[in-house]
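Asker:
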Amino acid sequence: MTDGLIRIRGARQHNLKNLDVDLRTAELTVVTGPSGSGKSSLVFDTLYAEGQRRYVETFSAYARQFLDRMDRPAVDKVDGVPPAIAIDQTNPVRTSRSTVGTMTELNDHLKLLYARAAELFDRKTALPVRHDTAQTIYAELMTRTASDDPRVVLSFPVELPANTTAEQVQQWLSASGFTRIQGEREIDGKKVLDVVADRFRIQGADKQRAMEAIELCLKRGSGRVNVHVGDDGATLWRFSTGLHCPESDIRYADPQPALFSFNSAFGACDTCRGFGRVIGVDLGLVIPDERKTLRNGAIKPMQTPAWKDSQDDLLKYAGEAGIPRDTPWKELSPAHRDWVINGTPNWSGNWNKQWYGVKRFFDYLESKAYKMHIRVLLSKYRSYTECPSCRGARLKTEALLWRVGSKALADAALPAAQRFLPVGVDWTRAQLEALPGLSLHDLMQLPIQRLRDFVDGLQLPSTMLDEALKLLLDEIRHRSRYLCDVGLGYLTLDRQSRTLSGGEVQRINLTTALGTSLVNTLFVLDEPSIGLHPRDMGRIVQAMQRLRDAGNTLVVVEHDPAVMLAADRLIDMGPGPGERGGQIVFDGTPEAIRAADTLTGAYLGARKHVGMGLKRLVEENTPRLILEGVREHNLKAVSVEFPLQRLVVVTGVSGSGKSTLMQDVLYPALARQFGKATESPGAHDRLLGADHLADAVFVDQSPIGKTARSNPASYVGAFDEIRKLFADAPLALERSYSAGMFSFNAGDGRCPTCGGSGFEHVEMQFLSDVYLRCPDCDGKRFRAEMLDVKLTLKGRDLSVSDVLELTVAEAAHLFSEHRAVLQKLQPIVDVGLEYVRLGQPVPTLSGGEAQRLKLAGFLAEAASNPRFGVAKKGTLFLFDEPTTGLHFDDIAKLMRAMRKLLTAGHSLILIEHNLDVIRAADWLIDLGPEGGDAGGEVVCIGTPESVAQHPTSHTAAALRDYALHMDRPAVAVEEGRPLQQLIQARRAADEAIKIVNAREHNLKGLSVDIPRGKFNVVTGVSGSGKSTLAFDILFNEGQRRYLESLNAYARSIVQPAGRPEVDAVWGIPPTVAIEQRLSRGGRKSTVATTTEVWHFLRLLYVKLGVQHCVHDGAPVRPQSVESIAAQLMRD
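Just so you know, we're using this note's numbering here: the sequence shown kicks off at 17 and counts up by one.
#1: Where Tyr154 and Ile230 are concerned, what is the direct C-alpha to C-alpha distance, given to the nearest angstrom?
#2: Our contact map puts Pro1076 next to Gln1055 with C-beta atoms below 8 Å; I'd like the distance itself, whole angstroms only.
#3: Which residue comes first and which comes last in the alpha helix (DSSP H) that contains Thr180?
#4: How is Gln997 classed by DSSP in three states: helix, strand or coil?
#5: Based on DSSP bridge pairs, tell me the residues matched to Gln1123.
#6: Could you give the distance in angstroms between the alpha-carbon of Val819 and the alpha-carbon of Val540?
#7: Is it the case that the Cβ atoms of Asp210 and Pro173 are separated by a distance below 7 Å?
#8: Can you tell me whether DSSP reads Val886 as helix, strand or coil?
#9: Nearest-angstrom Cα distance between Ile1140 and Arg799?
#10: Locate the alpha helix (DSSP H) running through Trp345, then write down its first and last residues.
#11: Tell me the DSSP secondary structure of Lys1010 in three-state form.
#12: Look up Ala1080 in the DSSP assignment and say whether it is helix, strand or coil.
#13: Look at the alpha carbon of Ala1004 and the alpha carbon of Arg70, and state the distance between them as a whole number of angstroms.
#14: Counting C-beta neighbours from all protein chains within 10 Å, is the total for Gln997 16 or more, i.e. buried, or is it exposed?
#15: Could you check whether the region 430 to 448 touches the region 480 to 495, counting it as contact only if at least three pairs of C-beta atoms, one from each stretch, sit closer than 8 Å?
#16: Could you pull out every residue in the same chain whose Cβ sits closer than 6 Å to the Cβ of Lys396, ignoring the five residues on either side in sequence?
#17: Run through DSSP, which three-state label would Gln1143 get?
#18: What number of angstroms, rounded off, separates the C-alpha of Gln1143 from the C-alpha of Val1122?
#19: Take Gly54 as the anchor and find which of Ser171, Arg596 and Asp298 has the nearest alpha-carbon.
#20: Find out if the Cβ-Cβ distance for the pair Asp148, Thr257 is shorter than 7 Å.
#21: Out of Arg623, Met318 and Asn312, point me to the one whose CA is closest to Arg341's CA.
#22: Mind checking who Thr1153 pairs with in its DSSP beta bridge?
#23: What span of residues does the alpha helix (DSSP H) with Asn242 cover, start to end?
#24: Contact defined as beta carbons within less than 8 Å: I believe Val46 pairs with Ala583. What is the distance between those atoms, to the nearest angstrom?
#25: What ranges does the alpha helix (DSSP H) occupy inside the region 713 to 753, keeping only unbroken runs of at least 4 residues that lie completely in it?
#26: Where does the unbroken beta strand (DSSP E) through Leu29 begin, and where does it stop?
#27: Please say whether Leu841 and Ala827 have beta carbons closer to each other than 7 Å?
#28: Indicate the three-state DSSP secondary structure (helix, strand or coil) for Gly645 in the structure shown.
#29: Between which two residues does the beta strand (DSSP E) holding Tyr787 run?
#30: Secondary structure at Gln198, three-state DSSP: helix, strand or coil?
#31: Is the beta carbon of Ala745 sitting closer than 7 Å to the one on Val805?
#32: Can you tell me the Cα-Cα spacing of Asp510 and Gln434, whole angstroms?
#33: How is Thr808 classed by DSSP in three states: helix, strand or coil?
#34: Just how far apart, CA to CA, sit Gln856 and Gly26?
#35: Going by alpha carbons, who is nearest to Gln29 out of Asp61, Gly408, Ser238 and Arg267?
#36: Run through the region 792 to 843 for me and flag every whole beta strand (DSSP E) of 3 or more residues, listed as ranges in chain order.
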């Protein structure tokens, strides 16, 4: 298999120019090139789409409709492509149910671990609850009485009605064969007798007699035994069978895995349904500006005319209660604030005599929530708050009583003071800290690095340790090790998936791929280096090489030089972006690219550099934004100063607290300052210097809209201005067309057949969907009469459809006289997207292009701001890794656009790992020193030159290292050198599928090696285990591992077979089964249904069949008023 080739012939997807390319299997190939040059079109839309489609087509037609179907690419043929798995950066998760634990499937393994190996502690007494039997009770009594052998009385409790007389009790006893009572007491109106079963000194007594007495007590006392010790019977020992605590008399259910899952109704907290948060009134939104006084409207909802009465009540009663009405809210004492929020302390329910408080005001609104306007009002002041019933643990109290591990292990993993005290238990803090082990929620809050140490040190008693548990522990250890290997050791399992960056999601998926240990599979990765500090880059490269050495093919789209140089082969796409791209300009080894005459080669060969621009010095009098005492997540009470009107870059290894500082604290705090609705800012002391700013904008990595109706012109608002120009054209005025008529998204101007999209979308059930050009408008999106209106620009007559076909550069030239249009188009040119067509649908842009278009949208918005012209106060732009998906050349353009913003008096703060950007910064703030718990401090601040000298900072080391590689003399371009392929000697992989100790059905611990790439036959008598080996183990395992890399929804439908009874299967590729059992269908099964021809015929008739009238045979077609009109106009 090592000499296998994947042959792509005639690839024309998007902007590819009829490419022919051969990729060798079992190699790490990196594809690079400017953003929009066709990398993703080649790798994802052609190679991956074909590999995935072909493997998925081996599933049944029913299963296929649930799997993600890729569109068939525009390519002549693709040969030799293995089954493909894509690991891309899109974060598909939007629900808050998904956490890092559920994504990595560690939660599934942990719930099994807790269901099998955890110890239960009573919710009242905090004592361990065990499964006791007669044998264990006897053994316990023997050990407890070993020293002094006291006299013991064994009794059992019996309940009788409270009005039972002494004679009736005597009568009952003699009837049952007992004579003595140790004592009687009344509980809940019932008489409880302690009936004596036997008395002896247990050390001397016969074991048979003692066991009989214990069993009798258990039987008659419904599972409970009381042992009275000593001659006076003063000491009492209680025992019971089952999960029952004899001290508190609470019986517990046996643990099920579902009890430990917050995604199952059995385990989820009943109040918040397992979300950990409930929707409630957020006081931060009710009192957004703490500088206001009660009289000046600190309580925002009461400032509208509708609720003026409440504001009057507040001021009236506040005066009576002596609450200061003219003191800013932030200076009021806690008691005064409490009075405002919770109302008069001894509230009697009289709304007209006492102050009811803000909370009761909202309770009153809740009671009127059937009215629409009240619901709208409430929605403005609501946000998520921690669930009071589970305090954010997401689980029922029962689940949190179970603990795993020893005291020493727990102390090493989590300091006792940080352990979670469940709601609804009667434990004291001291009792909790004395308990051994950790509860499930404690594990969820550990960083994966410490979870791994905890599980590694976990010693389970040999009575529990069976094969299943060993397998379970191994799996948890493997998964946590892989996560630490790719630099994610700082994440906690309860972190919500939707808060992860694209790079983190991708690295989690990469560990899933490592965990499945497939071979002969094509892995396609999209920029795995995103969000990774240069220090951790080696880990990703190792992970990819480990996949490659297992016999897989890796194709990676990447812009990071560290990954490019680690490749076996480098393909450079170009020469430019968009229409100017789509060709392969270099194909060879990473060493050879430095001398190649391409854009990538020019930067790697140091002939070009990302320009630093003129640096702006940070001086004493530079205005600053100061954030003091930030304590959110892992930040350790840091205070940070951000110089304004400068390019400030926040750096640090993954998990050092950069996003926390910017996303969770700085931006929400600024937004509050400017009175925007936002999540409440993270814990910090105060924010100073915000009055230097007019506004704050946060540009994150979230993808822009995926609707095909959105295009660059409409995204930045240029299309609105162009439509106004069309509406002013003479013909449009004559026909009284408004600007709305020239929209293809609404109004009457768009083509009625396709609704203005230019194509018709045809759903094809289990085949990928088809898009056909609209027959009525021929893809022009508008009615024919709208296209009669022309604009004359620089000697060209253009209709609205022609304008959408222009590139941004052409449009900027043609509309140069129209300032409003030019002002909106200029930002697109500034970020280097001048080659994009105005009407190009946004989903067809590449990741890097979309990222920059979003940036252009923000720039256009800032430019149209009236305050912008005065520029007394600038806007603060916060960027989260704006270089995602950008080539060196695109970064250079981006830096130029950013310098433009600075010149206009704005301020920029970036979170960035890209060393070119870090070097071009005016000021660096380096967080660290490590990720997770070991981070959260400011390591150093200053100019890039001064930071590079820092002895311990990881960023400093990376800067020095980068300078060595990139700041060397330029490499001359070599001409006319043939592009030769260097075939590296690869260690011969062991080309066999290894099955170890298979025990499925009747297999007797079978271990066997099956050579790969050969024709193997398994034979034997009927029932000897042939099918078990071939289908139940080989086929199921290969298919299950492939499906594990797909999304959970698809897996739940296609239902891969359970894990076979086998210790390990190594080196298995994805599998396809061709069984003879298929042919035994029911009466309805025909050759057509078995070969699936029937499904295609059905589809053919549905989509292309024409119905004919039964009387005269005329074709019957649906027609609307619009389509009849369009037909008449056409004919």
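Beta carbons: idealized from backbone N, C-alpha and C, even for Gly.
In this text, all values refer to a predicted model and were calculated from it rather than measured experimentally.
Answerer: Taking the geometry as given:
#1: 8 Å
#2: Rounded, the Cβ-Cβ distance is 12 Å, inconsistent with contact.
#3: No alpha helix (DSSP H) contains Thr180, which DSSP labels as neither H nor E.
#4: Below a pLDDT of 50, predicted positions are generally treated as unreliable, and Gln997, at 35, falls in that range; no measurement from the model is reported.
#5: Note: Gln1123 sits in a beta bridge opposite Val1132.
#6: 37 Å
#7: yes
#8: Confidence at Val886 is low in this model, with a pLDDT of 46, below 50, so the placement of that residue should be treated as unreliable; the coordinate-derived value is given next. It is helical.
#9: Rounded to the nearest angstrom, the gap between the Cα atoms of Ile1140 and Arg799 is 13 Å.
#10: That residue, Trp345, is in no alpha helix (DSSP H); it is neither H nor E in DSSP.
#11: strand
#12: strand
#13: For Ala1004, the predicted model reports a pLDDT of 46, less than 50, meaning its position is unreliable and no value from the coordinates is stated.
#14: Reliability of the predicted coordinates at Gln997 is poor, the pLDDT of 35 falling under 50, and the value obtained from them is presented with this limitation in mind. Gln997 is exposed by the Cβ-count criterion.
#15: The region 430 to 448, when compared against the region 480 to 495, does not touch it at the 8 Å Cβ threshold.
#16: none
#17: helix
#18: If you take the alpha carbons of Gln1143 and Val1122, they lie about 18 Å apart.
#19: With distances taken between CA atoms, Gly54 lies nearest to Arg596 out of Ser171, Arg596 and Asp298.
#20: yes
#21: Asn312
#22: Outside the displayed span of the chain (17 to 1147) sits residue 1153, for which this structure offers no information.
#23: Premise fails: Asn242 lies in the beta strand (DSSP E), Arg240 to Val245, not in any alpha helix (DSSP H).
#24: Cβ-Cβ separation between Val46 and Ala583: approximately 4 Å, consistent with a contact (criterion under 8 Å).
#25: 728 to 731, 734 to 743 and 746 to 750
#26: Note that residue 29 is Gln in the sequence shown here, rather than Leu. Taken as a continuous stretch (DSSP letters only), Gln29 belongs to no beta strand (DSSP E), as it is neither H nor E.
#27: yes
#28: strand
#29: Val786 to Arg789
#30: Strand.
#31: yes
#32: 16 Å
#33: strand
#34: So the alpha carbons of these two residues sit roughly 24 Å apart.
#35: Asp61
#36: 807 to 809 and 812 to 814
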